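Protein chains in written order, with our numbering: chain R, 12 to 130; chain C, 12 to 130. Glycine included, each C-beta is placed from N, C-alpha and C at the ideal position. Just so you know, these numbers come straight off a predicted model, no measurement behind them.
2 protein chains.
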Amino acid sequence: MEAAQTDDVLYAGELEIRPGDGLVLAAGRALPLSVREFGLLVALVRRAGRIVSRSDLYTLVWNSELRDGDRSIDVYVHKLRVKLETALPAWAFIHTHVGFGYRFSPEASHVFHNSTTPR
Amino acid sequence: MEAAQTDDVLYAGELEIRPGDGLVLAAGRALPLSVREFGLLVALVRRAGRIVSRSDLYTLVWNSELRDGDRSIDVYVHKLRVKLETALPAWAFIHTHVGFGYRFSPEASHVFHNSTTPR
DNA sequence: CCGCTCGTTCACAGCCGTTTCACCGGACGG
DNA sequence: CCGTCCGGTGAAACGGCTGTGAACGAGCGG
Chain R
12 MEAAQTDDVL
22 YAGELEIRPG
32 DGLVLAAGRA
42 LPLSVREFGL
52 LVALVRRAGR
62 IVSRSDLYTL
72 VWNSELRDGD
82 RSIDVYVHKL
92 RVKLETALPA
102 WAFIHTHVGF
112 GYRFSPEASH
122 VFHNSTTPR
Chain C
12 MEAAQTDDVL
22 YAGELEIRPG
32 DGLVLAAGRA
42 LPLSVREFGL
52 LVALVRRAGR
62 IVSRSDLYTL
72 VWNSELRDGD
82 RSIDVYVHKL
92 RVKLETALPA
102 WAFIHTHVGF
112 GYRFSPEASH
122 VFHNSTTPR
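Right, dumping it as C-alpha cells:
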C-alpha cells in the first residue's frame, strides 16, 4: 500500500499534506477529504510532475486491479479537483493527459470574474 | 498514560486547561467535566491540529485497546461537544474526519440568526 | 435505603462516502 | 458528416459511519 510513512510532510504550492495524519492543509486551513480522495491525492503528489496511469492509480489507492469500465478514478479526480479548486481557486493541480493518465503539478489557473456567468 | 505533567497549562481559543489540576476554564469560568471527558479533551488538545484516530484516543484515555463495536468515544465526544458549545457557543472545537478520527482546533462556528435564513 | 453521578451499552436516525449509471461534449479517424 | 473513443459531470443506490437520546448498573454520599 501507500500510507506507510508517518512523519513525512508533502508540500505542493499552497498545499501541505501529512500522509500519516490523513490531513491536508490548503493555505493553512484543514481541507476535509474522504479516505479515497486523500489516498488519490497522496498517490499523485508522491509522483508529482509525472504522468500516472489510471491503472497504476487504482492499484495504489484501491489496492486492487482496475476492471475496465470502472470510472471510479475519473469520479474521484473530479471530486478532488472540486475541493482543491474551492480551497485554492488560483491553482490547477491535476492535469489530464488523454490516453495516458493524470499528472499532478501546481500551476497558476486562469481565473476570471463571472459577470455573465456561463451555465 | 497521559495526565503526567502537573504544571503545564494548555490554551485553545477561550479555553484554558490545567491537566495537573483537572481543571478547565471556559472564558474564565470553570467548566465541570467528568474524568473521561477531561482525559479526552486533554488528549485532543495535546494533539491540536492533527487528526487523532479513535483507536489512538482510546489507548490514550482509556489506556487499553479499542474493541470494535465500542462506541464510547463517540458518546464522549458528543458529551464534550455539548458542554463546550454550551460554554462557548461561538466556537467549534472538535471536528470529525469521517474514516480518520477527530481533530481539535478552535474555529469560529457558523452562528447566524434565523429570521429568514434558509440555505 | 435513597438519590445522584458517571461510565457503558443499546437502538435508532441521519448523514456521508463509495460505487455505479447515464448523459454530454470534444477529439479523432473514416 | 458520422461513428467511436475518451474523459467530465451530475445524480441515484447502497451501505457504513457517526450523532444522539435513553436505559442500565456500579459506586458514592447522605
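Below-8 Å beta-carbon distance, residue i vs any chain C residue
i, result
"L71 (chain R)", "no"
"G33 (chain R)", "yes"
"P43 (chain R)", "yes"
"V88 (chain R)", "no"
"V20 (chain R)", "no"
"V46 (chain R)", "yes"
Beta carbon proximity, residue i to chain R, threshold 8 Å
i, result
"L51 (chain C)", "no"
"I84 (chain C)", "no"
"R65 (chain C)", "no"
"I62 (chain C)", "yes"
Option in the options with minimal Cα separation from residue i
i, options, result
"D81 (chain C)", "C:N74, C:R65 and C:G31", "C:R65"
"P30 (chain C)", "C:A37, C:D79, C:Y87 and C:L52", "C:L52"
"F104 (chain C)", "C:R78, C:I62 and C:V20", "C:I62"
"F49 (chain C)", "C:A101, C:D79, C:E27 and C:H106", "C:E27"
"E25 (chain R)", "R:E76, R:Y87 and R:W102", "R:W102"
"I84 (chain R)", "R:V72, R:V93 and R:L95", "R:V72"
"T70 (chain R)", "R:R47, R:R92, R:G60 and R:V20", "R:R47"
Pair within 8 Å by beta-carbon distance, residue i and residue j
i, j, result
"L68 (chain R)", "G110 (chain R)", "no"
"A23 (chain R)", "P117 (chain R)", "yes"
"R78 (chain C)", "F115 (chain C)", "no"
"P43 (chain R)", "H89 (chain C)", "no"
"L99 (chain C)", "A41 (chain C)", "no"
Contact set between residue i and chain R, taken where Cβ atoms lie within less than 7 Å
i, result
"L111 (chain C)", "Inspection of the sequence shows that residue 111 (chain C) is occupied by Phe rather than by Leu. Under the 7 Å cutoff, chain R gives G33."
Interface residues of chain C facing residue i [CB-CB closer than 7 Å]
i, result
"V56 (chain R)", "By Cβ distance, chain C contributes nothing, its closest Cβ being about 18 Å from V56 (chain R), past 7 Å."
Within chain R, partners of residue i - CB distance below 8 Å
i, result
"S116 (chain C)", "A41"
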